[in-house]
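*Asks:* Please find one structure pasted underneath; my questions will follow.
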Amino acid sequence: MKRSPGAAGFNGRSAPVASTRLMDAVAATLAIGSLSLCLIVTLTVLSIKVSVAMPLPA
1 MKRSPGAAGF NGRSAPVAST RLMDAVAATL AIGSLSLCLI VTLTVLSIKV
51 SVAMPLPA
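In terms of the UniProt record's numbering, the sequence shown has 50 at position 50, counting the first letter as 1, and numbering is strictly consecutive.
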């Protein structure tokens, strides 16, 4: 039994999945999200350091 070439698997032609504008929009959204997360983590670490450095009121 022979298989026809390109019948199954990843050997066939690749079809475009999404437009380039959509992929650019997704990439920009991911970049903005990662920068926002980095900024939030940085501010959290700095605020923890400031609160630890402050003396406790007696």
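For glycine and all other residues, C-beta sits at the position ideal for the given N, C-alpha and C. Computed from a predicted model, the values in this text were never measured in an experiment.
1. Where does residue 17 sit, in a helix, a strand or coil, going by DSSP?
2. Please report the distance separating the alpha-carbon of residue 17 from that of residue 31.
3. Can you list the alpha helix (DSSP H) stretches of 4 or more residues lying completely in the segment 19 to 55, in chain order?
*Replies:* Checking against the coordinates, here is how it stands:
1. coil
2. 21 Å
3. 20 to 53
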